[in-house]
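>
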Amino acid sequence: MFLTLLKCKLHRAAVTHAELDYEGSCAIDSDLLEMSGIRPYEQIQIYNVTNGERFTTYAIRAEAGSRVISVNGAAAHKASPGDRVIICAYAQMSEEQVELFKPTLIYLNESNQVTGTGDEIATQAA
Numbered sequence: 008m009f010l011t012l013l014k015c016k017l018h019r020a021a022v023t024h025a026e027l028d029y030e031g032s033c034a035i036d037s038d039l040l041e042m043s044g045i046r047p048y049e050q051i052q053i054y055n056v057t058n059g060e061r062f063t064t065y066a067i068r069a070e071a072g073s074r075v076i077s078v079n080g081a082a083a084h085k086a087s088p089g090d091r092v093i094i095c096a097y098a099q100m101s102e103e104q105v106e107l108f109k110p111t112l113i114y115l116n117e118s119n120q121v122t123g124t125g126d127e128i129a130t131q132a133a
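Just so we're aligned: the sequence shown equals residues 8 to 133 in my numbering.
Structure follows, in structure tokens:
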């Protein structure tokens with residue numbers, strides 16, 4: 008049996024652009040792509056913390072060091088500059104692989120600067 012697990016995420020990234028007339032995708036600073044393990048053209052899920060929208064698109068490269076998070080094409084209707092989003096990629100793996108796997112978690116501030124990293128989400132208290 009294969010399970011789908013969180014591979015990596017950019018937590019609370021700030022949308023810098025929403026380009027309706029750009030070819031659909033989400034442009035992400037190349038440095039953030041490399042740090043997170045998200046590959047260009049990989050399917051991603053975006054969860055908009057600001058307005059509750061959730062949608063699927065794919066990642067493309069933005070200039071390294073730019074801190075750009077640009078939601079493009081039809082998805083531009085679902086996010087605005089300044090919105091805080093969680094960008095996730097998932098992977099399928101066998102039950103054996105799951106036992107050894109740790110996700111890559113990248114935490115960002117309102118300027119898309121990295122404030123922390125991790126490989127485990129703390130247990131939520133009741």
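C-beta: ideal position from N, C-alpha, C; glycine also.
Given the structure is predicted, the values throughout are model-derived calculations rather than measurements.
1. Just how far apart, CA to CA, sit GLY44 and LEU12?
2. Does DSSP put GLU26 in a helix, in a strand, or in coil?
3. Have a look at LYS16, VAL22 and TYR54 and flag the residue whose alpha-carbon is nearest the alpha-carbon of PRO88.
4. Between GLN120, TYR97 and ILE51, which lies nearest to THR63 when the distance is taken from Cα to Cα?
5. Going straight from the alpha carbon of ASP126 to that of HIS18, what length do you get?
6. Should ASP28 be labelled buried (16 or more other beta-carbon atoms within 10 Å of its own) or exposed?
7. Mind reading off the beta-carbon distance from SER37 to ARG68? Whole number of angstroms is fine, and I expect it under 8 Å.
8. With burial defined as no fewer than 16 other Cβ atoms inside 10 Å of the residue's Cβ, what is the status of ALA71: buried or exposed?
9. Name the two residues that bound the continuous alpha helix (DSSP H) containing ILE104.
10. On the criterion of 16 or more Cβ atoms from any shown chain inside 10 Å, does ASN58 qualify as buried, or is it exposed?
11. Report the CB separation of ASN79 from ALA132 in whole angstroms; it is logged as a contact under 8 Å.
12. Please classify ASP36: does DSSP put it in a helix, a strand, or coil?
In short:
1. One-based indexing of the sequence shown puts residue 44 at position 37. One-based indexing of the sequence shown puts residue 12 at position 5. If I take the Cα positions, the gap works out to 14 Å.
2. In the sequence shown, residue 26 corresponds to position 19, counting from 1. Looking at GLU26 - three-state DSSP - the assignment turns out to be strand.
3. Along the sequence shown, read from residue 1 onward, the residue named residue 88 stands at position 81. Nearest C-alpha to PRO88: VAL22.
4. Stepping through the sequence shown from its first residue, residue 63 is reached at position 56. Nearest option by C-alpha distance: ILE51.
5. Taking the first residue of the sequence shown as position 1, residue 126 is located at position 119. Taking the first residue of the sequence shown as position 1, residue 18 is located at position 11. The alpha-carbon atoms of ASP126 and HIS18 are separated by roughly 12 Å.
6. Counting from 1 along the sequence shown, the entry for residue 28 is found at position 21. Classification for ASP28: exposed.
7. Here the question's residue 37 lines up with position 30 in the sequence shown. Here the question's residue 68 lines up with position 61 in the sequence shown. About 5 Å; that satisfies the 8 Å criterion.
8. For the purposes of this step, residue 71 is taken as the residue at position 64 of the sequence shown. With fewer than 16 Cβ atoms within 10 Å of its Cβ, ALA71 is classed as exposed.
9. Mapped onto the sequence shown, residue 104 falls at position 97. Note that residue 104 is Gln in the sequence shown here, rather than Ile. Run containing GLN104: 102-107, per the alpha helix (DSSP H) assignment.
10. Locating residue 58 in the sequence shown gives position 51, counting from the first residue. ASN58 should be labelled exposed.
11. Looking up residue 79 in the sequence shown gives position 72. Looking up residue 132 in the sequence shown gives position 125. Going by Cβ atoms, the distance from ASN79 to ALA132 rounds to 38 Å, so no, they are not a contact pair.
12. Within the sequence shown, the letter at position 29 stands for residue 36. If DSSP states are grouped into helix, strand and coil, ASP36 belongs with the strands.
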